[in-house]
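Numbering (the UniProt record's numbering), first residue to last: 1 to 293.
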């Protein structure tokens, strides 16, 4: 007599419990994605769309503004994510090892994550102002500046990167702290017995144990960085910097769709960005899996 093996996908009750979530995901995620792909091959107004073939993709791919947007997005992602993760790791280890009242520090560091990015952007605009900003006041003490962070096209991406690193710290620190708590303290006791330094303990014990958490954060942060929009809107007061010097892929899509009313071209740019993020995520996961073996 064969033993019955329970499989959730074969249970009508399991699908019944999943149905509300599947409906929500279908309506708010799957249907918009399908609509995006369909509209990328169309032209005209939202009430009168006509098939346009691959013309939208040709226009977008030959647009210098889109090239600039992709370069800015890649620059932002490949600087903000690794630098932000390194800083967050340093802060998380400091809190975990050196600070007694960890709960208070975690709350302080997590507050920015709960704050509206627009509100934080307004504060940063005051801090980075070229005339009366606090950052320039500090720089002048060291005979540096003043630096025009907000109104100089050559500084737009630097300003955005600084803001992006800061805005992502809170989430990274909390997740890394949760991972550090799960590292068995006995490893460190044995390492201390054999005279291992803190640096050796980090690279031989902490870092290998944290690989799954770091992998998760890299994946989530890179996807978020490639879709950056709110930070640009907040720090440059609704614009993409002076002369669109800080325009990103999502900002380009927004302008095409809502400002220029070129809906098909906007959706074509969205599809291209989706494919690029998908390819990068697959490649990144394969590389990280090989490293973790």
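The beta carbon of each residue, even a glycine, is placed where N, CA and C say it ideally should be.
A Cβ-Cβ separation of about 6 Å places residue 46 in contact with residue 263 under the 8 Å criterion. Rounded to the nearest angstrom, the gap between the Cα atoms of residue 191 and residue 177 is 21 Å. Between the beta-carbon of residue 146 and that of residue 168 there is about 27 Å, and that puts the pair past the 8 Å contact cut.
In this structure, residue 174 keeps its C-beta atom at 8 Å or more from the C-beta atom of residue 80.
Note: residue 42 is bridge-paired with 51 in the DSSP secondary-structure output. Rounded to the nearest angstrom, the gap between the Cα atoms of residue 118 and residue 236 is 10 Å.
Close CB contacts of residue 65 within its chain, under the 8 Å cut and outside five residues either way in sequence, are with 244, 247 and 252 (chain order). When the alpha-carbon of residue 187 is set against those of 282, 208 and 284, the nearest one is in 208. By the beta-carbon neighbour count (other beta carbons within 10 angstroms, threshold 16), residue 156 is buried. For residue 134, the enclosing alpha helix (DSSP H) stretches over residues 134 to 141. At the C-beta level, residue 83 and residue 213 stay beyond 8 Å of one another. Around the beta carbon of residue 206, 16 or more other beta carbons lie within 10 angstroms, which makes this residue buried. Inter-residue distance for residue 127 and residue 133 is about 4 Å (C-alpha atoms, whole angstroms). The stretch 281 to 292 makes no contact with the stretch 108 to 115, as fewer than three CB pairs between them are under 8 Å.
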